[in-house]
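Using the numbering used here, you'd call the opening residue of the sequence shown number 1001 and step up by one each time.
To keep things clear, I will list the structure first and then write my remarks on it.
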Amino acid sequence: MGALEGTKRLKAEPHPMGMEANECFIASVGKDWHKISNCNVHMAVKRRLQRTIIRGNEGDDLLDEGSESAEYTITGNMSLPEYKEILEIFRGGQPWFHDPFEERQMKALFLSIDYDSASGAFEFILVEDAD
1001 MGALEGTKRL KAEPHPMGME ANECFIASVG KDWHKISNCN VHMAVKRRLQ
1051 RTIIRGNEGD DLLDEGSESA EYTITGNMSL PEYKEILEIF RGGQPWFHDP
1101 FEERQMKALF LSIDYDSASG AFEFILVEDA D
């Protein structure tokens, strides 16, 4: 979508298309998408398990609950004004995140937000809010 290239803020509907490998999108509910350029996204997916320890017998029982939890670590460098926009999203309620691996939008929760004003380095950790 040529009209979206080079813009920092994108309308939440429709979702961002044609993402580059080094960018991601985040938005507050009902707000425009905020594009984070020159970032790295690391995704870790874990299965939810129930572990029952059996007393008197050897070992334990594991039960796969059939659900997954994805955690996204977003790192890179940004200016202080851009960080303040992300901080506003962080403090503004539950954000939406565009998963660059599966090309889908999802509700997410900020687990942590970290910024170094001297270098501009940031790290945001988001957890998928599975419905």
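All C-beta atoms, glycine included, are put in the ideal place defined by N, C-alpha and C.
Euclidean distance between Cα positions of residue i and residue j
{"i": "residue 1117", "j": "residue 1051", "result": "43 Å"}
{"i": "residue 1126", "j": "residue 1063", "result": "26 Å"}
{"i": "residue 1034", "j": "residue 1047", "result": "30 Å"}
{"i": "residue 1112", "j": "residue 1069", "result": "16 Å"}
{"i": "residue 1089", "j": "residue 1101", "result": "22 Å"}
{"i": "residue 1122", "j": "residue 1081", "result": "13 Å"}
{"i": "residue 1041", "j": "residue 1030", "result": "24 Å"}
{"i": "residue 1076", "j": "residue 1067", "result": "30 Å"}
{"i": "residue 1085", "j": "residue 1027", "result": "10 Å"}
Residues bridged to residue i [DSSP beta-bridge criterion]
{"i": "residue 1061", "result": "1052"}
{"i": "residue 1114", "result": "1123"}
{"i": "residue 1069", "result": "1046"}
Residue range of the unbroken beta strand (DSSP E) whose run includes residue i
{"i": "residue 1025", "result": "1023–1028"}
{"i": "residue 1124", "result": "1121–1128"}
{"i": "residue 1095", "result": "1095–1099"}
{"i": "residue 1035", "result": "1033–1037"}
Residues of its chain near residue i, where Cβ-Cβ distance is below 6 Å and the 5 sequence neighbours each way are ignored
{"i": "residue 1037", "result": "1023"}
{"i": "residue 1079", "result": "none"}
Same chain, Cβ closer than 7 Å to residue i, five either side skipped, listed in chain order
{"i": "residue 1043", "result": "1070, 1072 and 1101"}
Continuous alpha helix (DSSP H) stretch holding residue i: start and end
{"i": "residue 1088", "result": "1080–1091"}
Own chain, CB closer than 8 Å to residue i, minus 5 neighbours either side, in chain order
{"i": "residue 1007", "result": "The predicted position of residue 1007 is uncertain, since its pLDDT is 34 and thus under 50; no value can be drawn from it."}
{"i": "residue 1119", "result": "1077"}
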